[in-house]
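Reviewing the structure listed below.
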Amino acid sequence: MNIQVLYILPLLIFLSEFHLSHSAKCHPEDKKVLLAIKKYYNNAYETISWDPSTGCCGWNSVSCGERTDRIDGIDFSYSPDITGHITELFGDLPYLESLSLHKIPGLIGTIPHSITKLTKLKSLIISWTNISGPIPSYLGEVNSLTFLDLSFNNLSGSIPPSLAELRNLEGLRLDRNKLSQSIPESFGNLTPSLQYLYLSHNQLSGTLPKGWGDLPFLIVELQRNKLEGDVKFLFKKNKDIQRVDFSRNQLEFDMSDADFPESLFNLDFNHNKIYGSLPQSLVKLDNAHLNVSYNRLCGKIPVGGRLQERGYSAFFHNKCLCGDPLPDCSKH
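Mapped onto the working numbering, the consecutive letters of the sequence shown carry residue numbers 111 to 442.
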């Protein structure tokens, strides 16, 4: 017998036995809850093909903790056969760390209060569904969350100030909804651990919280809202900020003295009311996507870096902006 087979065969047997023993395990309370969820969604055969005669740790769409053998993850993403409301039963899985309900168009209704019972929940994804109504303020009680994604739904009303109480958040997505009114004042005191903030494609108005100037964001997307005012303060202390998109808002400020950090690889201000001249700091953005079109800017485009490579469409439709790649300033 090949000597490699002598070494590999026992390992394969061990791994096989480990998988069988692990998948056979199932805490009876968790199994009871999962079977109730299956019944609630009318067995949803394509997604929830769970055999009650087997251990729930081996069922599809769920995961178990290796040390606890308790259900710690549910992923029902891409499940067109699941319809109805988000069941309160999810709250009866006390070890749940991750719940993903992504691209389930049949989901309707609101986010259940039972979510607050999940004291170990780190990731909550409810996106690309048809849930509606306001974002419940009690989500601010789930302080174990590190990632909250409620994007691409039909959520309306204002952003609850209580979300600022989630002090472990690293990413927050509320984009592509019907949220309105101003960004809550409490968001000026968001946790410093929050690096990714997506609030785009809503109907948000007013100005940005001034406290954002002290937060170390990496990505801020607020395009296609109705935001106003000056946002230059966002760049002064966020030296590692990488992506900023404020396109299609109602921002109105003098851009002349803005100081943009070299870390930026996307800066989009198109379709606003920004005036003044383009600052020299833009020449530092060697690798950035840049768009300042459809504003009220004037003066000569700074020469240097890769600004002249950005193309005509990155600068056109301004009041009196000129110079390469736009027409020469002598023609104005």
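Glycine residues also receive a C-beta, built at the ideal position from the N, C-alpha and C atoms.
Quick one: what does DSSP say residue i is sitting in, helix, strand or coil?
i      : result
VAL341 : coil
GLU331 : strand
CYS174 : strand
HIS223 : helix
ILE384 : coil
VAL393 : helix
GLY316 : strand
LEU431 : strand
GLN305 : coil
CYS408 : strand
GLU275 : helix
ASP364 : strand
ILE158 : coil
Can you check which of these residues, the options, is closest to residue i by C-alpha distance?
i      : options                        : result
ILE218 : PRO244, LYS342, PHE363         : PRO244
THR226 : SER237, TYR205, CYS136, ILE214 : TYR205
ARG416 : ASN401, HIS427, LEU392         : LEU392
ARG334 : LEU314, TRP322, VAL341         : LEU314
SER423 : GLY414, LEU436, PRO190, CYS430 : LEU436
ASN299 : PHE262, ASN278, ARG286         : ASN278
GLY216 : PHE200, THR239, LYS230, ASP369 : THR239
HIS212 : PHE363, LEU249, ASP259         : ASP259
GLU156 : HIS137, THR193, CYS167, ALA146 : THR193
GLU331 : VAL143, ILE351, PRO162         : ILE351
GLY167 : LEU144, LYS148, LYS149         : Here the sequence assigns Cys to residue 167, which means Gly is not the residue at that position. The option with the nearest alpha carbon to CYS167 is LEU144.
CYS180 : PHE186, VAL172, SER296         : Just to set this straight, residue 180 is Arg in the shown sequence, not Cys. Nearest C-alpha to ARG180: VAL172.
GLY421 : ARG406, ASN401, GLU362         : ASN401
ASP396 : PHE370, TYR404, LEU282, ILE384 : PHE370
SER268 : ASP355, ASN312, LYS148, TYR150 : ASN312
TYR188 : GLU362, PHE200, SER210         : SER210
ASN153 : HIS137, GLY433, ASN405, PHE186 : PHE186
HIS137 : ASN263, GLY165, LYS148, ASP161 : GLY165
Can you name the residues that DSSP bridges to residue i?
i      : result
GLY98  : Outside the modelled stretch of the chain, which goes from 111 to 442, sits residue 98, for which no answer is possible.
ASN401 : ASP378
HIS195 : ILE218
ASP259 : ILE235, ARG283
HIS212 : SER237
ARG353 : ILE329, ASN376
GLN291 : LEU314
Would residue i and residue j be called neighbours here (beta carbons separated by less than 8 Å)?
i      : j      : result
LEU276 : GLN305 : no
SER387 : GLY409 : yes
PRO246 : THR220 : yes
SER272 : GLY250 : yes
SER292 : GLY321 : no
ASP285 : SER261 : yes
SER403 : PHE426 : yes
LYS232 : THR256 : yes
LYS336 : LEU361 : no
LEU407 : MET365 : yes
TRP160 : LYS148 : yes
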